[in-house]
Structures are given as C-alpha cells and as structure tokens.
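Its first residue numbered 13, the sequence shown is counted upward by one per residue in my numbering.
Worksheet for the structure shown next.
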Amino acid sequence: MSCGCTPSGPSRRRALTGLVGMSCLAGLPLTAMGRTAAKIRASQPTADEGVRMLMEGNKRFISGEMNPHDFNAMRKQLVDSQAPFAIILRCADSRVSPEIVFDQGIGDIFVCAVAGNIPTPEIVASMEYSIAVLGSPLIVVMGHSSCGAVDAAIKNFDSLDDLPGSLPGLIGEILPAVINTKGEEGDVLDNTIRENVRLAMKRLPKMSDIIQEAHAKGSLKIIGGVYELGTGQFVPVEG
Ligand SMILES: [Zn+2]
Numbered sequence: 013m014s015c016g017c018t019p020s021g022p023s024r025r026r027a028l029t030g031l032v033g034m035s036c037l038a039g040l041p042l043t044a045m046g047r048t049a050a051k052i053r054a055s056q057p058t059a060d061e062g063v064r065m066l067m068e069g070n071k072r073f074i075s076g077e078m079n080p081h082d083f084n085a086m087r088k089q090l091v092d093s094q095a096p097f098a099i100i101l102r103c104a105d106s107r108v109s110p111e112i113v114f115d116q117g118i119g120d121i122f123v124c125a126v127a128g129n130i131p132t133p134e135i136v137a138s139m140e141y142s143i144a145v146l147g148s149p150l151i152v153v154m155g156h157s158s159c160g161a162v163d164a165a166i167k168n169f170d171s172l173d174d175l176p177g178s179l180p181g182l183i184g185e186i187l188p189a190v191i192n193t194k195g196e197e198g199d200v201l202d203n204t205i206r207e208n209v210r211l212a213m214k215r216l217p218k219m220s221d222i223i224q225e226a227h228a229k230g231s232l233k234i235i236g237g238v239y240e241l242g243t244g245q246f247v248p249v250e251g
C-alpha cells in the first residue's frame with residue numbers, strides 16, 4: 013500500500029466505515045467508490061460460497077484443468093470498481109500466487125503479502141479497507157510449505173539480532189509460533205508453519221475493531237491453510 017493516505021489514530025475506524033480517506037487506492041472519487049461498494053455488497057458471494065470457489069479453483073489448479081480467463085475483458089470490466097470476495101494474507105514468497113493457486117480472475121482476490129504471512133498493522137489496515145469499503149466476506153490466511161521466513165524464526169530463535177537489516181522485527185513476529193510448537197511431534201518447520209497460520213487467524217480480530225465486529229456478527233469468516241509447494245494443494249488448518 014503505497015498511496016500514503018491511510019487514516020490513523022481515533023478517526024481510523026470512523027474514516028473507513030464512512031468511506032473516507034482511502035479512495036486513492038482504486039483511483040476513484042470517493043463517492044463513486046461508496047456507490048460501487050453498496051451495489052457490490054448485494055451481489056457478493058457468502059463466505060462459505062467463497063471458500064467453495066477457492067477450493068474448487070485449487071482442485072482445477074492441481075489437475076491442470078484451469079478455467080479459461082479472458083484477462084483483457086476482465087481488466088476492462090473492472091476499471092471503475094472491484095468486488096473481491098476473498099482477502100488473502102499470503103507470504104511474499106514468489107512461489108505462492110493466490111490467483112493462480114485458486115484459479116481466480118482479476119478482481120476476485122484482495123491480496124495482502126508479507127514474508128511469513130503475519131498480520132502487521134499495514135496488512136490489517138488493508139484488510140479493513142476490503143471489508144468496510146468493498147464488502148469482502150472472507151479472510152484466508154495462507155501459509156506455505158518450506159517457508160523461509162518461518163525457517164529463519166526457528167533457526168535464529170536465540171540470535172534474532174544477527175539477522176540483517178529490518179529482518180529481526182519481522183521474523184520476531186513469528187517467534188510465538190516457534191514457542192508454541194516446541195516439543196511437538198512431527199516436522200518442526202511444518203508444525204511451526206501451521207501454528208503461525210493459526211496465530212494469525214486468532215490475532216486478526218484482536219488487532220481490528222472492524223474485523224472483530226464483522227466476525228462477531230457473522231458477515232466475515234476467517235479461515236487458514238497451508239499451500240503445499242510440491243502438490244499445489246491448499247490444506248486447511250483448523251483455528
Ligand atoms: Zn514464506
């Protein structure tokens with residue numbers, strides 16, 4: 013998110029729910045965005061339908077029988093509005109591409125990416141926009157196998173500050189998953205990746221009134237899973 017117009021402080025939630033302050037995200041006048049969002053909400057899939065759409069898309073991806081996508085037509089249809097039915101928090105890893113993995117088109121998924129798929133304040137603010145303005149009913153926390161960020165948290169658990177640049181701050185966010193899975197049977201990295209997904213699912217409502225309220229009243233569902241690089245399968249993780 014580089015537009016630099018995210019509201020902050022006490023006015024943040026009011027600004028989002030009042031559709032004030034982030035219109036530059038889609039390059040639209042604010043009033044046009046608000047009208048579009050209202051119209052879109054009436055036709056959004058439910059969260060459960062969204063889950064089904066993603067899982068069926070993942071099956072198509074694995075089988076190699078993906079839907080034909082007319083990206084030129086999609087791009088033209090979506091110039092003035094967007095209605096993503098799912099928000100996906102994914103790792104920045106170059107091998108994890110939600111639109112491809114779930115066989116979806118342009119405008120279907122609101123993708124938030126950061127190494128280790130952790131819910132930073134900027135990620136949460138982006139999700140709030142998609143929920144409050146675009147009416148998205150579903151958040152998916154998407155971990156993946158062989159995650160380098162999680163592996164770095166395991167390997168540098170006692171020497172975080174030895175990591176270069178800004179990495180100690182980011183990798184430090186994954187340490188709770190390392191702590192929670194210590195001593196568990198099975199593969200340490202796989203266990204920690206799953207726990208990191210679970211913790212993100214739990215943290216999201218605690219980090220945002222908008223997410224918490226939408227989740228509590230049932231207009232927003234939060235799920236998680238691990239994308240297996242080798243098989244292409246998205247394997248759900250229970251919260
Ligand atoms: Zn990763």
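Cβ atoms here follow ideal geometry from the backbone N, Cα and C, with glycine treated the same way.
Source: prediction; values computed, not measured.
- Restricting attention to SER157, GLY76, GLY117 and SER106, the CA atom closest to the CA of LYS88 is found in GLY117.
- Membership of GLY155 in the beta strand (DSSP E) is indicated by the continuous run 150-156.
- Per DSSP, reduced to three states, the secondary structure at PRO217 is helical.
- The DSSP assignment places 160-167, 179-184 and 187-193 as complete runs of the alpha helix (DSSP H) inside the stretch 152-217, in order along the chain (cut-off: 4 residues).
- Taking each of GLY251, ALA226 and THR243 in turn and checking the Cα distance to ILE235, the smallest one comes out for GLY251.
- Look at ALA127 here: in three-state DSSP terms it is coil, with no helix or strand label.
- Around the beta carbon of GLU207, a 10 Å sphere encloses 16 or more other beta carbons of the protein chains shown; the residue is thus reported as buried.
- Between SER106 and GLY177, the alpha-carbon positions lie close to 20 Å from each other.
- Judged by beta-carbon spacing, GLY155 lies within the 8 Å limit of CYS103, meaning their Cβ atoms are closer than that value.
- Cβ atoms of LEU241 and SER158 come within 8 Å of each other, at about 6 Å.
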